[in-house]
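Start counting the sequence shown at 2; every next residue gets the next number (this note's numbering). Note sheet for the following structure.
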Amino acid sequence: MEGRILGYLMVMESPYISSADLAEALNASAGSVSMTTRRLVEAGFVRRHAVPGDRSHYFRMESDVWGGWLAGERKFLERMRELMTRGLELGIDDQHARERLVNGRDYMSWVISYHRKMLGDWEAAKAERDARANQETT
Numbered sequence: 002m003e004g005r006i007l008g009y010l011m012v013m014e015s016p017y018i019s020s021a022d023l024a025e026a027l028n029a030s031a032g033s034v035s036m037t038t039r040r041l042v043e044a045g046f047v048r049r050h051a052v053p054g055d056r057s058h059y060f061r062m063e064s065d066v067w068g069g070w071l072a073g074e075r076k077f078l079e080r081m082r083e084l085m086t087r088g089l090e091l092g093i094d095d096q097h098a099r100e101r102l103v104n105g106r107d108y109m110s111w112v113i114s115y116h117r118k119m120l121g122d123w124e125a126a127k128a129e130r131d132a133r134a135n136q137e138t139t
């Protein structure tokens with residue numbers, strides 16, 4: 002269901018769609034669409050969209066969902082690093098448990114630093130691509 006919803010949101014012509022219209026378009030149950038869009042929002046692939054005066058649930062994709070996903074994943078890694086740090090603050094005596102926590106904390110820090118670099122590299126790659134496209138059209 003995730004793939005069906007992501008695929009539909011990527012190619013639809015309107016900027017957003019209601020969950021009811023999404024369910025109808027995909028011939029899916031309202032519950033399935035609700036559960037799946039919730040997971041996709043939590044993962045950072047889909048955004049909720051508010052329509053003033055309308056209580057329906059609307060969803061949309063950012064034009065750069067992939068860069069947004071990378072930033073959202075970094076938040077998860079930061080939470081994991083914080084959990085490892087809190088575990089270390091408990092003063093666990095077992096050497097093996099402490100080593101697992103230290104490795105977990107340090108791994109999360111290491112991956113977070115790569116996420117920052119990857120996001121910066123992605124922004125630079127998009128800027129280069131857009132500059133080339135602008136040169137080709139002029």
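The beta-carbon is built from N, C-alpha and C at its ideal position, and this holds for glycine as well. Remember, predicted model here, so these are calculated numbers, not experimental data.
Identify the continuous alpha helix (DSSP H) that holds Ser-57 and give its terminal residues.
-> To locate residue 57, count along the sequence shown from 1; it is residue 56. First-last for Ser-57: 55-61, but that is the beta strand (DSSP E), not the alpha helix (DSSP H).
Cross-strand partners of Ile-18 (DSSP beta bridge) = Along the sequence shown, read from residue 1 onward, the residue named residue 18 stands at position 17. Ile-18 pairs with Phe-60.
Pick out whichever of Ile-93, Arg-56, Arg-5, Pro-53 has its Cα sitting closest to the Cα of Thr-38.
-> Walking along the sequence shown from the start, residue 38 turns up at place 37. The shortest C-alpha separation from Thr-38 is found at Arg-5.
Tell me whether Val-34 is buried or exposed, calling it buried when 16 or more other Cβ atoms sit within 10 Å of its Cβ.
-> Here residue 34 corresponds to residue number 33 of the sequence shown, with the count starting at 1. Classification of Val-34: buried, given that the 10 Å Cβ count is 16 or more.
Residue of Val-47, Ala-24, Ser-30 minimising C-alpha distance to Met-11 = Mapped onto the sequence shown, residue 11 falls at position 10. The shortest C-alpha separation from Met-11 is found at Val-47.
Can you give the Cα-Cα distance for Glu-74 and Asp-65, rounded to whole angstroms?
-> For this step, residue 74 is matched to residue 73 along the sequence shown. For this step, residue 65 is matched to residue 64 along the sequence shown. For the pair Glu-74 and Asp-65, the Cα-to-Cα distance works out to about 15 Å.
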